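Visitor:
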Amino acid sequence: VFLLLPIEMVFQSPYYVYSAFGALTLVGLMISVFYLMKRLGGTVAAHVSQLMILITPAFTTLASRQVTILSYLLLFGVVTFSIFATLHSWLRAHWKRDVFAGLSWGIAFLARPEVVALFGIGVLAGLVFRRRLGVSRGQAARRMLFQASAFLASTFPAS
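The sequence shown begins at 5 in the working numbering and counts up one residue at a time.
(1) Please say whether L79 and A115 have beta carbons closer to each other than 9 angstroms?
(2) Alpha carbon to alpha carbon, how far is Y19 from L55?
(3) Would you call the CB atoms of I111 and S86 closer than 9 angstroms?
(4) Closer than 6 angstroms by C-beta to L107: which residues in its own chain qualify, once you throw out the five before and the five after it? Chain order, please.
(5) Cβ of V83 within 9 angstroms of Cβ of S36?
(6) Leaving out five residues on either side along the sequence, give the residues of the same chain with a beta carbon under 8 angstroms from the beta carbon of H92.
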């Protein structure tokens with residue numbers, strides 16, 4: 005909401021407000037995915053991920069032109085925050101960071117239920133790339149348990 009106020013002051017048309025907000029959420033998503041892929045696969049993987057986002061019409065054209073899918077813009081914003089929370093938990097192992105990442109993915113799930121697949125991929129990536137992240141097998145399992153528990157606790161009211 006605080007992002008929309010300056011946009012609404014510049015543009016009077018709701019269509020332009022929606023387009024500007026869509027572009028900003030797309031940029032935020034691209035930045036978070038870039039740093040996620042850079043951490044997991046290096047610079048080349050990070051740039052390829054940007055190419056994949058930009059050539060997908062669902063992310064580019066529809067997000068800034070299709071006003072009927074406003075909930076997906078909310079999803080992009082919350083998923084961006086969740087990816088940054090996951091990266092923050094991967095930088096240094098601490099149970100509070102893992103719980104925070106799980107809670108943020110749970111809030112994203114409340115925005116759109118399709119996020120459960122992204123959360124699963126994130127947890128799986130934490131296990132598969134544990135050596136690259138410098139984490140032991142037991143520590144990776146504990147991190148998965150903390151994140152999954154926080155995710156389930158935050159989504160329990162929705163069920």
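All residues carry an ideal CB built from backbone N, CA and C; glycine is no exception. A quick note: this is a predicted structure, and the numbers were derived from the prediction, not measured.
Guide: Let me lay it out:
(1) yes
(2) 27 angstroms
(3) yes
(4) A154 and S158
(5) yes
(6) R101, F104 and A105
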